[in-house]
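>
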Amino acid sequence: MSSFQEIVFKLKQYWAQRGCIIQEPYDVEVGAGTMCPETFLRVLGPKPYRVAYVQPSRRPADGRYGENPNRLYKHSQLQVILKPSPADVIEQYLGSLEAVGIDLTQHDIKFEEDNWEAPTLGAWGIGWQVMLDGLEITQFTYFQQCGGIDLDVVPAELTYGLERLTAFLQVKDSVYDIEWAPGFSYGDVRFQDELQFSVYNFEMAEVGTLWKLFDLHEGEAARLLAAYPKSTQEAAEKARFPLLPAYDQVLKCSNLFNTLDSRGAISVTERVGVIQRVRKLAVGVAHAWADQQGAAQ
Amino acid sequence: MSLPFLLEIGTEEIPDWMIPAALDSLRTQLEGLGITARMDATPRRLVARAEGLPDRLPDTEERVNGPRKNAPEKAVEGFARKQGVAPSDLSVEGEYYTYLRKTPGRRTIDVLAQALPGIILKIAFPKTMYWTGKTGPRFIRPIRWIVALLGDEVIPFELAGVQSSDLTFGHRRGGRASARAGLQSRFATYEQTLRDNFVILSADERRKKIEDGIAGMGIRLKPDLPLLETLVYLTEYPTPILGEFDPQFLALPEEVLITVMRHHQKYFSVEDDSGHLAPRFVAVMNTSADPQGLVRRGNERVLRARFNDARFFWQTDQRKTLSDRVADLAHVTFQAKLGSYLEKTERVVALVKELGGDEHAQRAARLAKCDLTTELVKEFTELQGVVGGLYARAQGEPEEVWQAIYDHYKPESMEDSIPRGTTGRLVSLADKLDTLRGCFGVGMAPTGSRDPFALRRAAQGVVKIIVEGGMTLPLLSLIGGDPQLTEFFEERIKFYFRDVRGFRYDEVNAAIAAGCSDLPELEARLLRLQKIRPSPDFEPLAASFKRIKNILRQAGFTGGAFTPTLLEPGPESELFDEINRSAGQPIETAIGALRPKVDLFFDKVLVNAPDPAVRVNRLAMLHGLLEQFRTFADFSEIVTNS
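Those sequence lines, one after another, are chains L and S. For what it's worth, our numbering labels the leading residue of the first sequence as 225, then goes sequentially. For what it's worth, our numbering labels the leading residue of the second sequence as 172, then goes sequentially.
The structure is reproduced here in structure tokens:
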């Protein structure tokens, strides 16, 4: 039986052998691996790219104080970007499942329609949820648009739910019972995160402070975007302009939005407006990035 | 020579619900080429097969006229050169030089090679994607291989970087691993080759395989045809398996359990002998067998986790009653311009009161939308209403109240039933009427196929509830006098009686012309109209009514005094007597006597009499005849053969 970490090793190995750069998790809080610059920005423009990384993904509203066996505030995604998507991409994906020890001739695998959309990122794609014996283990998406930009080169995005996949392989009913490493369960490693962040997100996060932080990060991102050189004459200025830091500010906003949401501080009416604010920044960064990287070629 | 044709478009998994329409679209386009094909599909392939195609199209001849026969030599030479022939190849027909251009029929394979790429890309899908690049072809999912054969020959073309060939592919993991390199196809053996590689091409056969498999399990299934269709098009080699769950979960409402199984897991539910839910389910695998029970146990584990979630939500939600949630509706937007659900609730309660709803109905209206704030409905949105009803029952609300909440989204389609009691019907009507009035009021009437608030369904539901609930309500005044909404409702009323109830369109038009505000009364008239239609007097009389209407219109008749003394004895007086006799009689008894008198009148009497007084008098009498049946139907709308 493979431990959680061994499954991660095997998947990384598998994708490394297929030309992927193996990245480490991005060090700013995100709700999904898609939001990391390695996906969000790299899918823009014509340059081919292949990358795989594990990304802890924070969804404050999904926290359950460590009591629910299947729902987590912070779960781990393995994010794989293949740009452009190879013609045998599904075959390669199935191979990765076999690489972690799933004998697909003994199991039921289905690709069920599930088109992905992230309104805060101005991103959407066409794809499936991949079902293994009735369990959704992967989201498979052909990106069509990102940051409001139609993509020149269509990447395939594979997002594996690592806890689910491991629970499946280890035949465990609770995520907390899966073996992370010999002698250590997932609960040993992560239970305190789940408990304490649930308490914070649902009970103690100070709404006023969070809004203040949101405004500050939004302001900083907007300030940078406004300063991005418009003219082609400023090529040198453009090339060194700090868009990656601007994007970090957007990610901060997004995480604060999710925390405020879980705190019940955003009404449905407000919601649309706040999503628009984040989206505007994300789209702004994407356009500037496409311009900057295009100019650098 | 006659050749078989095989086209297989190999794709990544197409959404199940789009497949039948895609096949129809492909079939129609092939018919445009003169090919009548048999269509089949699995999630990974759209297939057309036909036999008896000619190897080439017939030769054609075209006569091209040139210059006059007395034209200068230069002109004749010029014409010949243009046709690519020598002047000696021309002939003279009548006054002109002509050239008989013979075009040999093109080879069918060339015609197909040219036409198929366009045809494939024109298959209609509700949503498409690009995958080779922004300017590349669009299809529902990437095309990965194409088999195109005429006889044994590959029809050569390229599409989205894929070259047509004679290689097909089997099930992704069924069959031999070596088969993943591609399997050679021939028309005659194609279906068997697929079968050997765990692909059942025929949807009928896949459906039968599922049904037979379930029949062999010795259980009673909750029938679910839409789910069966989904599974037929979600699999290439379906095999049903029987799983179990902990009977403790049966303490949760059946509605919740079934929704989890059906919508989230695509499982069939199983009933015990008394029709109650049994702690079992049927899943359909896309593979041939589960010898070690791995797939069964996997599905059982997933279901257990899902049921645990549902139980958690069910218990959490109970901590706050529906009536304590009314105020929370202020934070749930109904529609930006129409305010929150709290505001909607206030309007619906008032409308229920106006419709004569009692305290129970008003209570139900007040609580109806509260389940939108529950965790269970956030998780299972398709259970809105139902969950509210279940919570209301658990919280001790009277039966009338909880049932009304439970039912108030009904009917969700024209096949669905209406709410079971008067209370539920009133709440449902008020909710839908409020949505319709509100949306039309802020200019959100549906346009074309765009109907994001499902207003057609709402109006259709209103009509169905009023008619089938036998409710006497002044529909048109409830609409509030908005002419656009009135017209919209008339369309829905026509649709309901025509397409749902099966009345003939001209009968519906005739009956509606006599009023459609009181729908049960309209229904009664329609039923009577339908019954008298076959009587031998009806259609001739209807034809006469149409004639009368035309005469009145042509004469510009707007009214006039009727003077009995101006009547001529004979057919005219007899008709007048018959009109008087029939007054107040039901139409069923009146038409038998009226018809011969009307016929005789038109046969013998000239309406346009030279004496204006007589003419106007006759018109007035005929007008009176039409008026007599005006409240029943406008017979001139009836389409007759005569």
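Where a beta carbon is used, it is the ideal one built from N, C-alpha and C, also for glycine. Being a predicted model, the structure only gives us computed values, none of them experimental.
Does the Cβ of Leu698(S) have 16 or more other Cβ atoms within 10 Å, making it buried, or fewer, making it exposed?
Working through the second sequence from its first residue, we reach residue 698(S) at position 527. Counting Cβ neighbours within 10 Å, Leu698(S) comes out exposed, since fewer than 16 surround it.
> Look up Arg288(L) in the DSSP assignment and say whether it is helix, strand or coil.
Along the first sequence, read from residue 1 onward, the residue named residue 288(L) stands at position 64. DSSP places Arg288(L) in coil when its eight states are reduced to three.
> So what does Leu306(L) bridge to, in DSSP terms?
As a first step, residue 306(L) is located in the first sequence; it is residue number 82 there, counting from the start. Arg274(L) and Ala380(L), per the DSSP bridge assignment.
> Within the continuous alpha helix (DSSP H) that includes Val431(L), where are the two ends?
Counting from 1 along the first sequence, the entry for residue 431(L) is found at position 207. Note, Val431(L): alpha helix (DSSP H), Val431 to Ala451.
> Secondary structure at Tyr238(L), three-state DSSP: helix, strand or coil?
Taking the first residue of the first sequence as 1, we reach residue 238(L) at position 14. Reduced to three states, the DSSP call for Tyr238(L) is helix.
> Find the residues of chain L that neighbour Phe483(S), judging by a C-beta separation of less than 7 Å, and give them in chain order.
For the purposes of this step, residue 483(S) is taken as the residue at position 312 of the second sequence. Those are Asn292, listed as they occur along chain L.
> Less than 7 Å between C-beta atoms, sequence neighbours within five positions excluded: which residues of the same chain meet that for Gly236(L)?
Stepping through the first sequence from its first residue, residue 236(L) is reached at position 12. Looking at the sequence provided, one finds Lys at residue 236(L) rather than Gly. Correct list, in chain order: Ile246 and Ala276.
> Cβ closer than 7 Å: which chain L residues qualify as neighbours of Gln463(S)?
As a position in the second sequence, residue 463(S) is number 292, starting the count at 1. Chain L residues near Gln463(S): Gln330.
> Could you please tell me which residues of the segment 391–421 of chain L, in chain order, have their CB closer than 8 Å to any CB of chain S?
Answer set for the segment 391–421 of chain L: Phe392, Val395 and Asp397.
> Compile a chain-ordered list of the residues in the segment 703–729 of chain S whose CB is closer than 8 Å to at least one CB of chain L.
Listed in sequence order: no entries.
> Using Cβ-Cβ distances below 7 Å, what residues of the segment 439–472 of chain S are close to chain L?
Under the 7 Å Cβ criterion, the segment 439–472 of chain S contributes Ala454, Met456, Asn457, Thr458, Gln463, Leu465, Val466, Gly469, Asn470 and Arg472.
> Using a cut-off of 7 Å between C-beta atoms, extract the partners of Ile314(L) located in chain S.
Numbered from its first residue, the first sequence carries residue 314(L) at position 90. Those within 7 Å of Ile314(L) in chain S are Glu183.
> How would you label Leu475(L), buried or exposed, when you count the other beta carbons within 10 angstroms and need 16 or more for buried?
Position 251 of the first sequence, counted from the start, is the residue given in the question as residue 475(L). Buried, because 16 or more other Cβ atoms sit within 10 Å of the Cβ of Leu475(L).
> Check whether the segment 288–296 of chain L and the segment 259–278 of chain L are in contact - that is, three or more C-beta pairs closer than 8 Å.
As far as the Cβ criterion goes, the segment 288–296 of chain L does not touch the segment 259–278 of chain L, which means the pair count is below three.
> For Pro175(S), which three-state DSSP category applies?
If you number the second sequence from 1, residue 175(S) lands on position 4. Strand.
> Which same chain residues end up closer than 8 Å to Pro261(L) when comparing Cβ atoms and leaving out the 5 residues on each side of it in sequence?
Position 37 of the first sequence, counted from the first residue, corresponds to residue 261(L). Cβ neighbours of Pro261(L) beyond the five flanking positions: Tyr250, Leu468 and Tyr471.
> Which first and last residues belong to the beta strand (DSSP E) in which Arg378(S) is found?
Your numbering for residue 378(S) matches position 207 in the second sequence. Where Arg378(S) is concerned, there is no enclosing beta strand (DSSP E), although the alpha helix (DSSP H) it sits in stretches over Ala374 to Ala386.
> Can you tell me whether Lys245(S) is helix, strand or coil according to DSSP?
By 1-based counting over the second sequence, the position of residue 245(S) is 74. The answer is helix: DSSP assigns Lys245(S) an H, G or I state.
> Taking just the CA atoms, how far does Glu426(S) sit from Val557(S)?
Locating residue 557(S) in the second sequence gives position 386, where the first residue counts as 1. Locating residue 426(S) in the second sequence gives position 255, where the first residue counts as 1. Looking at the two C-alpha atoms, the distance is approximately 8 Å.
> Out of Glu546(S), His342(S), Glu571(S) and Tyr512(S), state which residue places its alpha-carbon closest to the alpha-carbon of Ile314(L).
Numbered from its first residue, the first sequence carries residue 314(L) at position 90. Cα-wise, what sits closest to Ile314(L) is His342(S).
> Within the 8 Å Cβ cut-off, does Leu382(L) reach chain S?
Working through the first sequence from its first residue, we reach residue 382(L) at position 158. No - not a single Cβ of chain S is within 8 Å of the one on Leu382(L).
> Could you tell me whether the Cβ of Tyr366(L) comes closer than 8 Å to any Cβ of chain S?
Working through the first sequence from its first residue, we reach residue 366(L) at position 142. Yes, contact with chain S.
> Around the C-beta of Lys768(S), are 16 or more other C-beta atoms found within 10 angstroms, so that it is buried, or is it exposed?
Counting from 1 along the second sequence, the entry for residue 768(S) is found at position 597. Classification of Lys768(S): buried, given that the 10 Å Cβ count is 16 or more.
> So does the segment 448–467 of chain S actually touch the segment 504–518 of chain S, counting three or more Cβ pairs closer than 8 Å?
The segment 448–467 of chain S is not in contact with the segment 504–518 of chain S.
> Does any residue of chain S bring its CB to less than 8 Å from the CB of Ser309(L)?
Along the first sequence, read from residue 1 onward, the residue named residue 309(L) stands at position 85. Judged by the 8 Å Cβ criterion, Ser309(L) is in contact with chain S.
> The beta strand (DSSP E) with Thr362(L) in it runs from where to where?
Taking the first sequence and counting its residues from 1, one reaches residue 362(L) at position 138. Thr362(L) -> beta strand (DSSP E) spans Leu359 to Cys370.
> What did DSSP end up calling Leu261(S) once you bin it into helix, strand or coil?
Locating residue 261(S) in the second sequence gives position 90, counting from the first residue. Of the three classes helix, strand and coil, the one that applies to Leu261(S) here is coil, per DSSP.
> Please list the terminal residues of the continuous beta strand (DSSP E) segment that includes Lys334(L).
Sequence index remark: in the first sequence, residue 334(L) carries index 110 (1-based). Element bounds for Lys334(L): Ile333 to Glu337.
> Going by C-alpha distance, which of Gly518(L), Ala311(L) and Leu306(L) is nearest Thr383(L)?
Indexing the first sequence from 1 puts residue 383(L) at position 159. Among Gly518(L), Ala311(L) and Leu306(L), the Cα nearest to that of Thr383(L) belongs to Leu306(L).
> Could you give the distance in angstroms between the alpha-carbon of Ala520(L) and the alpha-carbon of Thr365(L)?
Position 296 of the first sequence, counting from 1, holds the residue named residue 520(L). Position 141 of the first sequence, counting from 1, holds the residue named residue 365(L). Between Ala520(L) and Thr365(L), the C-alpha separation is close to 29 Å.
> What is the DSSP secondary structure of Ser227(L), counted as helix, strand or coil?
The residue you call residue 227(L) lines up with position 3 of the first sequence. Here Ser227(L) sits in coil by DSSP.
> Just the C-alpha distance for Lys240(S) and Glu233(S), rounded to the nearest angstrom, thanks.
Working through the second sequence from its first residue, we reach residue 240(S) at position 69. Working through the second sequence from its first residue, we reach residue 233(S) at position 62. Each residue's Cα considered, the two are about 19 Å apart.
> Report yes or no: do the segment 276–291 of chain S and the segment 324–343 of chain S share at least 3 C-beta pairs separated by less than 8 Å?
Touching, per the Cβ criterion.
> Would you mind telling me which residues of chain S sit closer than 8 Å to Trp352(L), beta carbon to beta carbon, in chain order?
Taking the first sequence and counting its residues from 1, one reaches residue 352(L) at position 128. Under the 8 Å cutoff, chain S gives Glu184.
> So, for Ile747(S): in the same chain, excluding its five sequence neighbours on each side, which residues have a beta-carbon less than 8 Å away from its beta-carbon?
Start at 1 with the first residue of the second sequence, and residue 747(S) comes out as number 576. The displayed chain sequence assigns Phe, not Ile, to residue 747(S). Excluding positions up to five away in sequence, the list reads Pro735, Leu738 and Met792.
> What ranges does the beta strand (DSSP E) occupy inside the segment 242–273 of chain L, keeping only unbroken runs of at least 3 residues that lie completely in it?
If we require 3 residues or more, the beta strand (DSSP E) runs fully inside the segment 242–273 of chain L come out as 245–247.
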